[in-house]
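Everything below concerns the one structure shown next.
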Amino acid sequence: MAYDDEHMSYKDTFIQVSADCPVEVGTVPSMKKDRKTAHLIQYELLSQNPYKYTQGELIYEVYLQHKQIPQSEIEARSAEIREELFSKNHPCLRASMLPKKHGWGVHYNQEGKIAIYPMESEAYQQFVEAGTQGEEGPKLLFAMRNSRG
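Below you can see the structure in the form of structure tokens.
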């Protein structure tokens, strides 16, 4: 079963930081010991390549980098790796630490390609304002909360 970006990803949607986000500005996720966390890899890919990745492409690329899969293995087994990865469900970016804890809004454009915006930015505010003014703006969602209650 292949991952189906068409049905598994948002389009024309802006994910706002969670209501209980602990920061007031977009912050870069930190390393864990000597390895990059999945959230740091997400941040690097999305900040350096806005609107390059769909959700499925992002999940795949983060997986390859996080697991440090060698390029030779990727070339030899790409389809198999992808099939194995997407045989399980993956949370959407509403559950990512970027909007939950690090202060990044996540925008999915009309094609479902993703970019991130720090919560203090003018662009972030424009997405929120456009989304509250009706049909013209993106659908607005909040990231999932960090805690219950």
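All residue numbers for the sequence shown refer to the UniProt record's numbering, where the first residue is 1 and numbers rise by one. Where a beta carbon is used, it is the ideal one built from N, C-alpha and C, also for glycine. Note that this is a predicted model, so its numbers are computed, not measured.
* Asked: Across which residues does DSSP place T13 in a beta bridge pair?
  -> Y108, K139
* Where I41 falls: helix, strand or coil (DSSP) -> helix
* Inter-residue Cα distance where the pair is T13 and I114 -> 10 Å
* Based on Cα-Cα distance, which residue from E129, K100, K52 lies nearest to V17? -> K100
* Nearest-angstrom Cα separation, counted from L64 out to Q71 -> 9 Å
* Anyone know if the C-beta pair for G131 and L140 falls short of 7 Å? -> yes
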